[in-house]
Amino acid sequence: MDVFEKLKKAKEKDAKFEQILGSMCTMPHEVARKAYEMFIETNLGDYELFKGTKELEEKAIEWVAKLLHAPSSYAGILTSGGTESNITALWIFKKLSKKKEVIVPKQAHFSFEKASSLLDLKLKVIDCNLYMKAKDIKGKINRDTACVVAIAGNTNFGYIDEIEEIAEICNEENVFLHVDAAFGGFVAPFISKKIFDFRAKISSICIDGHKMGMTCIPCGFLLLREKKWLEEIKVESKCTHTKYQFSLLGTRPGAAAAAVYAIMNYMGIEGYKKMAMRCMDVIWHLAKLLDEKGIEYFEPELNLLAIKVRNAREIAEKLAKLKWYVGVDEENETIRIVAMPHVTKDMINKFVNDLGKVIE
Ligand SMILES: Cc1ncc(COP(=O)(O)O)c(C=O)c1O
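Every position in the sequence shown, counted from 1, becomes a number in our numbering once 284 is added.
Right under this line is the structure:
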């Protein structure tokens, strides 16, 4: 069999985006794909060899810095996504603070568990309801605290923590505040009045291009308030043409920088705004259909809706048999629907119909 026949066969086994309702990833835009292909061989780990690609990376970082109101002292890193960004932020703040405790809300993404294990950090988990409020961290910061993590668009509910108020507390207590906006970063600026970025006194923020940014996997950004903090992770490369690296990864895809640069320029703020509003329209449509069927859910804040069910894992498995793939939160007994750009009202209509049968 021709190798491409084999590839085709393998792809046939994958779920199709017309069936995927619970993922935070989506079909990359044509423009991103084309740019990715053009730069497929480039390596940002050896950026001195790929000066043009490096410029695209810097321009893409600049675009995100502007979106998130970064001060002129900022620095940014293009990462492989939220996990790498979160690990890198905690790596930097551990080194700067020389402390080993990190405060995270209960809803924090599991990438912080990876960070804790890798960096030997102790996670102090705040038992907050649905999202973290300022009062939840009062009295929790102590002299071992390296950093507080807040979320703009948590993974299971899409809720935004009280970041402005939490930032005030962190500032008073003199601890770093990292904001995980991996999911919300490309939606909240366009549909929410909440301040979660550098307009609040935050130290760093991450945002993913391969989620609502419509670009190819892998693509995330980590932005730091102070460029000098990057020195903490500076490593001399003893083998490449490039002398220093400032990233967790070594070899890094320049194609990711080209793709995200291209799609940002193509979409522009207005394009992303339109897309975010369309996704919200789909999520409100879902809420309306659930209301009609008397199915309970958590009121959505972003384009993510958590449906209350009795046995989330079992329901998700039954739905998978009908070729609907949803997110599962066993702790809260919810199934998660994310209205990513590929999700249409038509898909939602058919899904709710099937959901009704499954939970009967
Ligand atoms: C809030 C949040 N942070 C971080 C991540 C991790 O992102 P990635 O899977 O791109 O590493 C996710 C993924 O869903 C997320 O929802």
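Here a beta-carbon is modelled for each residue, glycine too, at the ideal position from N, C-alpha and C.
Computed from a prediction, not measured in an experiment: that's the story for all the values here.
Its Cα nearest to that of Asn440, the residue Gly611 stands out among Tyr556, Gly611 and Phe396. Positions of the alpha helix (DSSP H) runs, each at least 4 residues long and wholly inside the region 462–486, are given as 472–475 in order along the chain. Checking the 7 Å criterion, the Cβ of Asn616 is out of range of every heavy atom belonging to ligand 1. In terms of Cα proximity to Lys379, the closest of Cys431, Glu368, Tyr331 and Phe394 is Cys431. The secondary-structure analysis by DSSP pairs Ile567 with nothing; it has no beta-bridge partner. With fewer than three CB-CB distances shorter than 8 Å, the region 441–455 does not count as touching the region 399–411.
Its Cα nearest to that of Lys485, the residue Ala451 stands out among Val463, Glu598 and Ala451. Not one heavy atom of ligand 1 is found less than 7 Å from the C-beta of Ala542. Shown here, Gln391 sits in coil according to DSSP, grouped into three states, outside any helix or strand.
Between Leu570 and Val642, the CB-CB gap reaches or exceeds 8 Å. For Ala571, the CB stays at least 7 Å from every heavy atom of ligand 1. Scanning Met631, Pro625 and Val593 for the CA closest to the CA of Trp608 turns up Met631. Straight-line spacing of the CA atoms in Lys419 and Lys605 works out to 43 Å.
The beta carbon of Asn595 lies closer than 8 Å to those of Glu617 in the same chain, with the five residues before and after it left out.
Taking a cut-off of 8 Å on C-beta distances, the region 367–386 does not touch the region 469–480, as fewer than three cross pairs fall below it. Residue burial annotation: Ala299 is exposed, with fewer than 16 other C-beta atoms found within 10 angstroms of its C-beta.
For ligand 1, a non-hydrogen atom lies closer than 7 Å to the CB of Asp492.
Excluding the 5 residues flanking it on each side, Met496 has same chain C-beta neighbours closer than 6 Å at Phe470 and Val471, in chain order. The region 509–529 makes no contact with the region 304–318: fewer than 3 CB pairs, one atom from each, lie closer than 8 Å. Spanning the alpha carbons of Gly468 and Asp286 requires a straight line of approximately 42 Å.
Residue side-chain check: Asn438 places its Cβ nearer than 7 Å to a non-hydrogen atom of ligand 1. Closest by C-alpha distance to Thr363, out of Glu446, Thr628, Ala541 and Glu339, is Ala541. At a Cβ-Cβ threshold of 8 Å, Gly538 and Phe323 count as neighbours. Scanning the region 332–373 for uninterrupted beta strand (DSSP E) segments of 3 residues or longer gives 359–363, listed from N- to C-terminal end.
CA-to-CA, the gap between Ala354 and Gly336 works out to about 24 Å. The closest CA to that of Leu533, considering only Glu554, Val544, Ile599 and Pro502, is found on Pro502.
Val519 is classed as exposed because its beta carbon has fewer than 16 other beta carbons within 10 Å across all chains shown.
Secondary structure at Ile450: helix, using DSSP grouped into helix, strand and coil.
Nearest to Asn587 by alpha-carbon distance, out of Glu598, Lys557, Ala600 and Glu576, is Lys557. Bounds of the alpha helix (DSSP H) holding Arg597 are Ala596 to Lys605. For Arg620, the enclosing beta strand (DSSP E) covers residues Thr618 to Val622. Per DSSP, Gly611 is one residue of the beta strand (DSSP E) stretching across Gly611 to Asp613.
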